[in-house]
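Here is the structure we will look at.
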Amino acid sequence: MSAKATTSATFEQDVLNADGPVLVDFWAEWCGPCRMVGPILDEIQSENSDKITVLKLNVDENPDLAMKYQITSIPAMKVFQGGEVQTTIIGAKPKFALEKDLAAFIG
Numbered sequence: 001m002s003a004k005a006t007t008s009a010t011f012e013q014d015v016l017n018a019d020g021p022v023l024v025d026f027w028a029e030w031c032g033p034c035r036m037v038g039p040i041l042d043e044i045q046s047e048n049s050d051k052i053t054v055l056k057l058n059v060d061e062n063p064d065l066a067m068k069y070q071i072t073s074i075p076a077m078k079v080f081q082g083g084e085v086q087t088t089i090i091g092a093k094p095k096f097a098l099e100k101d102l103a104a105f106i107g
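Quick note: the sequence shown, position 98, residue 98 per the UniProt record's numbering, numbers continuous.
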């Protein structure tokens, strides 16, 4: 199962009004580290689909949300719960490091 995309049009429904935690991967097509972390996030999603939802947001196609959430470098991942940002992860990391950062949500 790979992470689904969200956009400015669907963000409120997909993320802010979601039941449970949602990790949003702020990425861009041209970003090499973003492409490296994508498959890792897909694995985390498929192994923890009952605990967390992983969505991708293309910052080039949705600059309003990138600005609103102060995305200054990518990849950047933010975990939302109850409509609020709970944690922020910056940069590509190996799976074990991402799982450690997400332990409060997938532990």
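Just so you know, even glycine gets a beta-carbon here, dropped at the ideal spot from N, CA and C.
- Cβ neighbours of N48 within its own chain (closer than 6 Å, five residues either side excluded): I106.
- Put simply, the backbone Cα of P94 is about 25 Å away from that of D60.
- Selection S73, Q81 and L55 evaluated against A92 yields S73 as nearest (Cα-Cα).
- When beta bridges are read from the DSSP output, K56 appears opposite A5 and D25.
- In the three-state DSSP reduction, E47 falls in the helix class (H, G or I).
- The beta carbon of I52 sits closer than 8 Å to those of G20, P21, V22, L23, I44, Q45, V79, L102, F105 and I106, all from its chain and outside the five residues before and after it, given in chain order.
- Per the C-alpha coordinates, the member of D25, A97 and V15 positioned closest to S2 is D25.
- Distance from the Cα of T88 is smallest, within the candidate group K4, G82 and I71, for I71.
- One Cα belongs to C31, the other to P75, and the distance between them is close to 8 Å.
- Bridge pairing for V79: L23 and T87 [DSSP].
- For the pair N62 and S8, the CB atoms are nearer than the 8 Å cut-off.
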